[in-house]
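Colleague:
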Amino acid sequence: AATASGTGNSLFAGKVPLTTTKTGSRSYVLKDPSRWGTETRDAKGQELEVFARGKKFTSTTNKWGNGAVSSRASAAVDAQYGITKTLDFYKKTFGRKGIANNSKGAKAMVHFGNKVANAFWDPACGCMLYGDGDGDMFKKPLVVLDVTGHELTHGVVDATARLEPTRVDQDGNQYGEAGSLNESLADIFGSNVEFSANNAKNPPNYLLGEKLGLDQKFLRRLDKPSLDELEGAIDYWSPAVYDAEVHAGSGVSSHAYYLLAEGSGRKKIGSVTYDSPTFDGLPVKGIGRAKATAIYYRALTRYMVSTTDFHDARVATLKAAKDLYGAGSTEYKAVDRSWAAVNVTP
Ligand code: ASN
Ligand code: ZN
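Residue numbers (mature numbering (1 follows the signal peptide of the UniProt record, and there is no 0)): 203 to 548.
(1) Rounding to the nearest angstrom, what Cα-Cα distance links Leu-416 and Ala-277 in this structure?
(2) Which value, in whole angstroms, describes the spacing of the CA atoms of Thr-222 and Ile-436?
(3) Keeping to the same chain, check which residues put their C-beta closer than 7 Å to that of Lys-224; ignore five residues upstream and five downstream.
(4) Quick one: what's got a C-beta closer than 7 Å to Lys-341's C-beta in the same chain, skipping five residues either side?
(5) Thr-480 and Val-474 - do their beta-carbons sit closer together than 8 Å?
(6) Taking its Cβ as the centre, do 16 or more other Cβ atoms sit within 10 Å of Asn-316, making it buried, or is it exposed?
(7) Should Ala-463 and Ala-494 be called a contact, given that it needs their Cβ atoms to be closer than 8 Å?
(8) Along the chain, where does the beta strand (DSSP E) containing Trp-323 start, and where does it finish?
(9) Given Arg-274, which residues of its chain have a CB within under 7 Å of its CB, disregarding the five upstream and five downstream residues?
(10) Output needed for Glu-251: all residues of its chain with C-beta closer than 6 Å, excluding positions within five of it in sequence on either side, in chain order.
(11) Just jot down, in chain order, the residues whose CB lies closer than 7 Å to any heavy atom of the ligand ASN.
(12) Among Tyr-460, Asp-360 and Val-279, which residue has its Cα nearest to the Cα of Ala-302?
(13) Does the Cβ-Cβ distance between Leu-410 and Arg-423 come in under 8 Å?
(14) Quick check on Ser-207: does DSSP put it in helix, strand or coil?
(15) Please report the Cβ distance between Ser-386 and Ser-456, rounded to the nearest whole angstrom; I am assuming they are in contact, meaning their Cβ atoms lie under 8 Å.
(16) With a cut-off of 8 Å, do at least 3 Cβ pairs link the segment 508–518 to the segment 370–383?
(17) Taking Val-370 as the reference, which of Gly-378, Ala-363 and Arg-364 has the closest Cα?
Dropping the structure here:
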């Protein structure tokens, strides 16, 4: 396919470059040959879960969207841009070639269903599906960068540890530590995608969904998960984890990761001030985001399995830290300390 350089006007990330496919003298498709044919299509308001039936985005000018919700292509620009940044993050940081590390492109559909206030990784489709929001709590399409990083990371987990919820209730709510760990890893790597993209219109931070326009100003956060009142996330392991929905239970390991990366206490990074507490009140010294992320990625891809719980995650990250930095290293000790600081047993 002929590769072309287009530009998009996104809803949330400003004006962005997009690599597209030239299909004729004045025709282009929103499909990126330089990233294994990664493509975003239009589900046209249907609950369509078959990518092949999505409508292609095409252009005669290779300029996409106008930055307004009324232009159907604008949401596609955010999605395609976010997917690009997610693929690039995984490739440049870990050498990972695509979501399943099989040199296949990622697929997504925007405008999924009617007033859907969510975005999903759909394992059956092998694609991402983005709702347009319900117009109430979620006012705009859910195509922000960290949500894309979150959902595609579910694809990475699906292709690696396959962490699964231990229980699903009648309403489809999921419970259990392995499922919580899955949500947490999606938030951890989703935040890392933002740091990696470093977009001035969408500055990186340890908050998730801060561009969704919610009253509490973010959906979740890693430094002190309990500040999330919407989902009631928890900061520390306790028996309450057994009854916590996975997006609430995720707080335990998200918090451990933040402490490992940045340490406890007050800290201003970019425009956000964090104040991360510990279970025992004792401080944790961070080892930096790059090392913390390398440890979690190695743990995910080498040592975690479908039933890995928080205790097992402590063991898995320690093994990864030992591989990367040695058993006597500062990094190894910091991993151990970070899990103790969120009350996870050794
Ligand atoms: N956005 C949610 C998530 O990825 C959708 C879901 O799977 N419940 O966690
Ligand atoms: Zn998730």
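Just so it is clear, CB atoms sit at the ideal spot from N, CA and C, and this is done for glycine as well.
Bear in mind the structure is a predicted one, so any value in this text is a computation, not a measurement.
Modeller: Let's see:
(1) As a working note, residue 416 is residue 214 in the sequence shown. As a working note, residue 277 is residue 75 in the sequence shown. Those two C-alpha atoms are separated by around 18 Å.
(2) Here residue 222 refers to the residue found at position 20 when the sequence shown is read from its first residue. Here residue 436 refers to the residue found at position 234 when the sequence shown is read from its first residue. Computed Cα separation, rounded: 42 Å.
(3) As a position in the sequence shown, residue 224 is number 22, starting the count at 1. Excluding the 5 residues flanking it on each side, Lys-224 has same chain C-beta neighbours closer than 7 Å at Ala-204, Ala-206 and Tyr-230, in chain order.
(4) For this step, residue 341 is matched to residue 139 along the sequence shown. Same-chain partners within the cutoff: Gly-335 and Gly-415.
(5) Along the sequence shown, read from residue 1 onward, the residue named residue 474 stands at position 272. Along the sequence shown, read from residue 1 onward, the residue named residue 480 stands at position 278. Cβ distance not < 8 Å, so Val-474 and Thr-480 don't count as in contact.
(6) Residue numbering aside, residue 316 sits at position 114 when the sequence shown is read from its first letter. That one is exposed.
(7) For this step, residue 463 is matched to residue 261 along the sequence shown. For this step, residue 494 is matched to residue 292 along the sequence shown. Cβ atoms of Ala-463 and Ala-494: closer than 8 Å.
(8) Indexing the sequence shown from 1 puts residue 323 at position 121. That run of the beta strand (DSSP E) goes 321–324.
(9) Position 72 of the sequence shown holds residue 274. Cβ neighbours of Arg-274 beyond the five flanking positions: Asp-244 and His-313.
(10) Residue mapping note: residue 251 aligns to position 49 of the sequence shown, counting from 1. Excluding sequence neighbours, Glu-251 sits near Asp-324 and Cys-327.
(11) Ordered by chain, the residues meeting the criterion of a beta-carbon within less than 7 Å of a non-hydrogen atom of the ligand ASN are Asn-320, Ala-321, Phe-322, Trp-323, His-352, Glu-353, His-356, Glu-385, Ala-388 and His-449.
(12) The sequence position of residue 302 within the sequence shown is 100, counting from 1. It is Asp-360.
(13) In the sequence shown, residue 410 corresponds to position 208, counting from 1. In the sequence shown, residue 423 corresponds to position 221, counting from 1. Going by C-beta atoms, Leu-410 is nearer than 8 Å to Arg-423.
(14) Numbered from its first residue, the sequence shown carries residue 207 at position 5. If DSSP states are grouped into helix, strand and coil, Ser-207 belongs with the strands.
(15) Counted from its first residue, the sequence shown places residue 386 at position 184. Counted from its first residue, the sequence shown places residue 456 at position 254. With a Cβ gap of about 5 Å, Ser-386 and Ser-456 count as contacting.
(16) Yes: the two stretches touch, three or more of their Cβ pairs being nearer than 8 Å.
(17) Residue 370 sits at position 168 when you count from the first residue of the sequence shown. Ranking the options by Cα distance to Val-370, first place goes to Gly-378.
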